[in-house]
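One structure is given here, and the rest of the page talks about it.
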Amino acid sequence: MKPLSLITGNTRGFSIPSLIIGIVLLGALFCFPSFVQSPYALHMMILLFLSTIMGESWNIIGGYTGQYSVGHAAYYGAGAYGTLVLLQKWEIPPWYGMWAGMAVAVLLSLIIGSICFRLRGPYFVLASIAVAEIVRITVLNTPAVTNGAEGILLSDLPPFKIGGTVITDFVSKVPFYYISLLLAIFTIVVTWLLQNSKLGYYVQAIREDQDAAHSLGISLSLYKSIALAISAALTSLAGSFYAIYIKFIDPSTVLSLDLSVQIVLIAIIGGIGTIYGPLIGALVLVPLSEALRSNVIAQGLINCGVVREDSGVGIFLKEHLAHAHVLIYGILVVIVILFMPDGVLGFVKKKSRDWGLGTGKGLDR
Amino acid sequence: MAILEIKHVSKFFGGLAANADVSFTMTQGMIMGLIGPNGAGKTTLFNCITGYYPPSKGEVLFKGKLMNGLEPDMVCKLGMARTWQKVRPLAKMSVQDNVMVGALCRTGSLKKARELAMEQIMVVKLEHKADFPAGRLTIGERKKLEVARVLATRPELLLLDEVMGGLNPSESEEIIQLILDIKKQGITQMVIEHDMKAIMRISDRIVVLNSGEKLTEGSPQEVVNNPEVVKAYLGDFHA
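Here it is in structure tokens:
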């Protein structure tokens, strides 16, 4: 049995060892909050799951269908605003509002698709950016509904009923941990189902060669629209979750171009067109950005004795490294893309083949 | 019975007539050869027939149904399928998955599609490469894959655009046998080919295009003995 087959996406049935590893991993994730109470650790895990949801969602249209949308903030924002506007204006609980947000996102995706899918390659990318910017500016300029640039601040959440249990305690991060974990698993399952369906074959054919796909009886506009709608619906879930979790949204956080790029990066860094690529991408990017933002790296270098705390370099690192986190983050992303053009997962697969650990064949799919 | 009728089809790109007033009819089960010098408008005609370009003028009737303005995917679903002169493998997908994409045109079940795909892969004798990524095949194998994939869509009329281009003689011979086998299955074929010997062997009738116009049409013997055809290929001197 190839040790890497779990992460490299064995698609034709699961082998016993990878199934066991998967169950153990899932079990550990479900028990995590019982052992770790630190809100910070829980927060990091929630961010990890949220990034996974975003990356997996984008992967459906970008990785599988090959349509590089750099406007996914529009759907994220639709989820976030849909949920909070309904809550604030009409006191509709977010558990219902998120479905409304999803409906808006899907509708938006159909409109965007009908405009942008006529274009191919870089022109599609530009159009997707433009349309997302239109959405952002529209939200910014309709303060009557969206509060404009001020954003929406949520004071308290109505209780959430699942079956018999009622959850009222939203100060704790534990409910959010489980919600985001379940959503992340849900998006991975959706991706797995996609890959093993007619739709999955069709969108991958579109990615590989649109004209060939068209000549084999595949309606390009139909299947691209379906893929984008699924992607948009899942992205809106991430947006709704963010809005309820952070309890504050404004156009510059949930509708910005920055966010769209961030979503794309998660999938590209991890490895696009694979089930677990975006998960790997989130595992790399979330800790990286957090380590750079805090002073962990500078402190670590000093503690290891690499740099003396009172030396010029030490003072520089301590004072300024955290300020330059965006710059360093950017440079690291460029390095990863340069040296791992197929993402981290593609890189691992290639190395495992080179070192004879297995054929890495699962990744071709 | 006429399976395909092409009536006065013209295609203009700006002022250039890539096809001008081309008409001919194909009957069920025949192999029609389509020849002509480079730039004669053979591939343009394929594109007009299969929905990639709407014809500027004229009509394309498939089984009596007007095809003008239909998208290529609809054309394929109605039973008319084409291959590409420049092969278009779905490079990162395996050979079997490539053919499955074609088979999914007629079934929603992956299991059924996988079986149908395997049948066609056996027909073109690529079964030893079934799990190979299509991008790693040789040109000869890619041409075969192209045929297997298009056969999997269960066409009644197959348009083959230079499936022998760039192949060595033994590979060409395999393709010729394949085309004749497809004919035995009752599938009507239109074949663009530059290899004269091959086209003479397989065609029931041949249409010659030159500068976008139909120069002549007839049996292979009639066509090669036509001085106009010799002139189009070799110039005035030889005629």
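Chains as they are written, first to last, in our numbering: chain A, 1 to 365; chain B, 1 to 239.
In this text, a Cβ means the ideal position worked out from N, Cα and C, and glycines have one as well.
Mapping the DSSP letters down to three states, classify residue i as helix, strand or coil.
{"i": "Met190 (chain B)", "result": "strand"}
{"i": "His368 (chain A)", "result": "Past the edges of chain A, shown from 1 to 365, lies residue 368 (chain A), and the structure says nothing about it."}
{"i": "Glu173 (chain B)", "result": "helix"}
{"i": "Gly271 (chain A)", "result": "coil"}
{"i": "Val9 (chain B)", "result": "strand"}
{"i": "Asn19 (chain B)", "result": "strand"}
{"i": "Glu156 (chain B)", "result": "coil"}
{"i": "Asp354 (chain A)", "result": "helix"}
{"i": "Glu217 (chain B)", "result": "strand"}
{"i": "Met200 (chain B)", "result": "helix"}
{"i": "Arg308 (chain A)", "result": "coil"}
{"i": "Leu4 (chain B)", "result": "strand"}
{"i": "Asn38 (chain B)", "result": "coil"}
{"i": "Ile387 (chain A)", "result": "Since the first residue of chain A shown is 1 and the last is 365, residue 387 (chain A) is not available in this structure."}
{"i": "Gly33 (chain B)", "result": "strand"}
{"i": "Val208 (chain B)", "result": "strand"}
{"i": "Thr250 (chain B)", "result": "The requested residue 250 (chain B) is not part of the displayed model; chain B covers only 1 to 239."}
{"i": "Asp161 (chain B)", "result": "strand"}
{"i": "Thr52 (chain A)", "result": "helix"}
{"i": "Thr187 (chain A)", "result": "helix"}
{"i": "Lys231 (chain B)", "result": "helix"}
{"i": "Thr83 (chain A)", "result": "helix"}
{"i": "Thr65 (chain A)", "result": "coil"}
From the options, pick the residue whose C-alpha is nearest to that of residue i; which is it?
{"i": "Gly281 (chain A)", "options": "A:Pro251, A:Val348 and A:Ala324", "result": "A:Val348"}
{"i": "Thr178 (chain A)", "options": "A:Pro33, A:Leu19 and A:Gly343", "result": "Note that residue 178 (chain A) is Tyr in the sequence shown here, rather than Thr. Measuring from the Cα of Tyr178 (chain A), the nearest candidate turns out to be A:Pro33."}
{"i": "Ala15 (chain B)", "options": "B:Asn38, B:Val22, B:Ser56 and B:Phe24", "result": "Correcting the residue identity first, residue 15 (chain B) is Gly in this sequence and not Ala. Cα-wise, what sits closest to Gly15 (chain B) is B:Ser56."}
{"i": "Lys92 (chain B)", "options": "B:Arg142, B:Ser219, B:Pro133 and B:Met30", "result": "B:Pro133"}
{"i": "Ile244 (chain A)", "options": "A:Thr142, A:Ile297, A:Tyr64 and A:Tyr76", "result": "A:Tyr76"}
{"i": "Gly69 (chain B)", "options": "B:Ala18, B:Ala81 and B:Pro54", "result": "B:Pro54"}
{"i": "Pro278 (chain A)", "options": "A:Ser231, A:Lys89 and A:Leu265", "result": "A:Leu265"}
{"i": "Trp58 (chain A)", "options": "A:Gly346, A:Tyr276 and A:Lys173", "result": "A:Tyr276"}
{"i": "Leu160 (chain B)", "options": "B:Gly33, B:Cys48 and B:Gly39", "result": "B:Gly33"}
{"i": "Pro37 (chain B)", "options": "B:Cys76, B:Leu209 and B:Thr216", "result": "B:Leu209"}
{"i": "Tyr242 (chain A)", "options": "A:Val344, A:Gly346 and A:Ala80", "result": "A:Ala80"}
{"i": "Leu145 (chain B)", "options": "B:Val163, B:Glu115 and B:Gly108", "result": "B:Val163"}
{"i": "Phe24 (chain B)", "options": "B:Gln221, B:Ser10 and B:Val207", "result": "B:Val207"}
{"i": "Gly101 (chain A)", "options": "A:Leu234, A:Gly343 and A:Ala144", "result": "A:Leu234"}
{"i": "Leu321 (chain A)", "options": "A:Gly300, A:Pro341 and A:Ile335", "result": "A:Gly300"}
{"i": "Gly135 (chain B)", "options": "B:Ser94, B:Glu174, B:Leu151 and B:Ile175", "result": "B:Ser94"}
{"i": "Asp156 (chain A)", "options": "A:Ile20, A:Ala103, A:Ser252 and A:Glu91", "result": "A:Glu91"}
{"i": "Pro251 (chain A)", "options": "A:Leu332, A:Val344, A:Val135 and A:Glu309", "result": "A:Val135"}
{"i": "Glu173 (chain B)", "options": "B:Lys111, B:Asp195, B:Lys65 and B:Ala152", "result": "B:Asp195"}
{"i": "Val286 (chain A)", "options": "A:Ser221, A:Ser51 and A:Gly22", "result": "A:Ser51"}
{"i": "Lys11 (chain B)", "options": "B:Ala232, B:Val101, B:Leu45 and B:Arg114", "result": "B:Leu45"}
{"i": "Ala18 (chain B)", "options": "B:Val147, B:Asn47 and B:Ile3", "result": "B:Asn47"}
By the criterion of Cβ-Cβ separation under 9 Å, what are the contact partners of residue i in chain A?
{"i": "Cys76 (chain B)", "result": "His214, Ser215, Leu216, Gly217 and Ile218"}
{"i": "Thr50 (chain B)", "result": "Ser215"}
{"i": "Asp97 (chain B)", "result": "Tyr201, Gln204, Ala205 and Arg365"}
{"i": "Leu45 (chain B)", "result": "In chain order: nothing, as chain A lies at least about 15 Å away."}
Establish whether the CB of residue i and some CB of chain C are separated by less than 8 Å.
{"i": "Arg82 (chain B)", "result": "Reference to chain C is not applicable here, since the protein chains of this structure are A and B."}
Would you mind telling me which residues of chain A sit closer than 7 Å to residue i, beta carbon to beta carbon, in chain order?
{"i": "Arg149 (chain B)", "result": "Leu216"}
{"i": "Met93 (chain B)", "result": "Gln204 and Glu208"}
{"i": "Thr153 (chain B)", "result": "Leu216 and Gly217"}
Applying a beta-carbon distance threshold of less than 8 Å, which residues of chain A neighbour residue i?
{"i": "Met32 (chain B)", "result": "Residues of chain A passing the Cβ test: none, with the nearest at roughly 19 Å."}
{"i": "Arg142 (chain B)", "result": "What Arg142 (chain B) touches in chain A: nothing, since even the nearest Cβ is about 12 Å away."}
{"i": "Arg136 (chain B)", "result": "The premise fails here: Arg136 (chain B) is roughly 10 Å from chain A at the closest Cβ pair, so nothing lies under 8 Å."}
{"i": "Leu4 (chain B)", "result": "Those within 8 Å of Leu4 (chain B) in chain A number zero; the least Cβ separation is about 17 Å."}
{"i": "Leu180 (chain B)", "result": "Result: empty, since nearest Cβ-Cβ is about 23 Å, beyond 8 Å."}
{"i": "Leu158 (chain B)", "result": "Those within 8 Å of Leu158 (chain B) in chain A number zero; the least Cβ separation is about 12 Å."}
Members of the region 204-223 of chain A that neighbour chain B once the beta carbon cut-off is set at 9 Å: Gln204, Ala205, Arg207, Glu208, Asp209, Asp211, Ala212, Ala213, His214, Ser215, Leu216, Gly217, Ile218, Ser219, Leu220, Ser221 and Leu222
Contact list for the region 62-73 of chain B against chain A, Cβ threshold 8 Å: Glu71, Pro72 and Asp73
Interface residues of the region 101-132 of chain B facing chain A [CB-CB below 7 Å]: Val101, Gly102, Leu104, Cys105, Gly108 and Leu110
Residue ranges of each alpha helix (DSSP H) within the region 53-139 of chain B, 4 or longer: 72-77, 95-103 and 110-123
The region 48-64 of chain A: positions lying closer than 9 Å to chain B by Cβ: none
Alpha helix (DSSP H) segments (min. 4 residues) lying fully within the region 107-160 of chain A: 122-140 and 143-146
Under 9 Å (Cβ pairs) to chain B, residues found in the region 268-281 of chain A: Gly273
Under 8 Å (Cβ pairs) to chain B, residues found in the region 188-202 of chain A: Asn196, Ser197, Lys198, Tyr201 and Tyr202
Any alpha helix (DSSP H) of 4 or more consecutive residues that is wholly inside the region 236-267 of chain A: 251-254
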